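J.: Using my numbering, the letters of the sequence shown map in sequence onto residues 2 to 257. Note that the Cβ used here is the ideal one computed from N, Cα and C, for glycine as well. Note that this is a predicted model, so its numbers are computed, not measured. Below are the structure tokens for one structure; questions will follow.
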Amino acid sequence: MPPIDYSKWATVDTDSEGENMAKPSKPAPKATPAPKPNPQPQAQPQAQPQDQTTASASSSTSTTGTTDKIPAVIIRSDGEKRTRPPWGPVTVPSSHPVFSNYPTTMLMELSIPVAFQRIDSDGAPQRLSSWDCGPDADLDNQMVTYMHINPHTGFAPEQWLGGRIGSVVAARLDKKPLHPEQVEGIWMYCDAILDRFGDGNGPPTKMYSKEAFERWWVRYCDEQARIRRHERWAELKGIWGEQGWYERPEFLGDVL
């Protein structure tokens, strides 16, 4: 994969009805590990057009206001990745249905306040029933599957398995900016958790805390800054602590 240059990726706006997250019906086999980001030097980002949203890494406030647009991240399906970048920055209105969803069970364990919403090729939110026709290779989205694994089993719910997902928008529930690098980090942390499941020693519960994730995140940023030779990663080292964490409502338990 060539170096990732997040600044060149287009933004989209989406603002239709959302979905209600379905409860997992049964565990599904673990997906084949997704390819890790290519550790090659990253090109210096170019200046952005005025109408393209690229929030500052140091920002810790919501971008609501006159534009009412929230910086988020689109994670594209295999079908869309043939002609467009696999993931990148987008903006969504503050009324977008993604903000009515909960984080995945794994992200709750890590106190990460990020939720997901399926969208169609035009960026409009999609209900789960839209994919009831059966698996389709073009709708595969392994990156999203990894972030939906159950922390106790390592399996993702059936509705979040390959061929049933499509493209997805990820956003912070507190409506603060979410950066593509942060989504990459969540994905790679879930990938590391799956590797530990593969050792046959059960759930790696020592990895299930915001403190464990943040320690890993700082090391990951240092590594990417060295490999990709870009100061952007160094700037993001403290971003999770600056933006805040998620506190799971007691009534939810482990139902998601």
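Which residues mark the beginning and the end of the beta strand (DSSP E) in which P94 is found?
T.: Taken as a continuous stretch (DSSP letters only), the beta strand (DSSP E) holding P94 covers 88 to 94.
J.: Once the 5 residues before and after S95 are set aside, which same chain residues still bring their CB inside 7 Å of it?
T.: Here the set comprises T65, D69, I71, K176.
J.: Taking the alpha-carbon positions, what's the S168 to E81 distance?
T.: Going from the Cα of S168 to the Cα of E81 covers about 8 Å.
J.: According to DSSP, is K207 part of a helix, a strand, or is it coil?
T.: Residue state, collapsed to three classes: helix.
J.: Mind checking who S78 pairs with in its DSSP beta bridge?
T.: Note: S78 sits in no beta bridge, so no partner.
J.: Which value, in whole angstroms, describes the spacing of the CA atoms of Q183 and Y190?
T.: Approximately 11 Å, taken between the alpha carbons.
J.: Any chance you could list the alpha helix (DSSP H) runs of at least 4 consecutive residues sitting entirely within the stretch 134 to 217, in chain order?
T.: The qualifying runs are 143 to 147, 181 to 198.
J.: Report the residue from E215, A235, P178, P204 whose alpha carbon sits nearest the alpha carbon of I75.
T.: Per the Cα distances, P178.
J.: Name the one or two DSSP bridge partners that P72 has.
T.: DSSP, once it has assigned bridges, lists T92 as partnering P72.
J.: Would you kindly report the start and end of the unbroken alpha helix (DSSP H) that includes I240?
T.: Taken as a continuous stretch (DSSP letters only), the alpha helix (DSSP H) holding I240 covers 240 to 244.
J.: For the structure I just gave you, are there three or more beta carbon pairs, one from the stretch 217 to 225 and one from the stretch 145 to 163, closer than 8 Å?
T.: Not touching, per the Cβ criterion.
J.: With burial defined as no fewer than 16 other Cβ atoms inside 10 Å of the residue's Cβ, what is the status of S78: buried or exposed?
T.: Under this definition S78 is a buried residue.
J.: What are the boundary residues of the beta strand (DSSP E) that includes R85?
T.: That residue, R85, is in no beta strand (DSSP E); it is neither H nor E in DSSP.
J.: Residues in the same chain with beta-carbon distance under 8 Å from K211, minus the five sequence neighbours each way, listed in chain order, please.
T.: Closer than 8 Å at Cβ, skipping near neighbours: L111, S112, I113, W241, W246.
J.: Out of G186, A73, M208, L162, point me to the one whose CA is closest to Y138's CA.
T.: The identity of residue 138 in the sequence shown is Ala, whereas the question assumes Tyr. With distances taken between Cα atoms, A138 lies closest to L162.
J.: Please report the straight-line C-alpha distance between P204 and R197, rounded to a whole angstrom.
T.: Distance between the alpha carbons of P204 and R197 is about 8 Å.
J.: Please report how far the alpha carbon of F117 lies from the alpha carbon of V99, in whole angstroms.
T.: Rounded to the nearest angstrom, the two C-alpha atoms are 6 Å apart.
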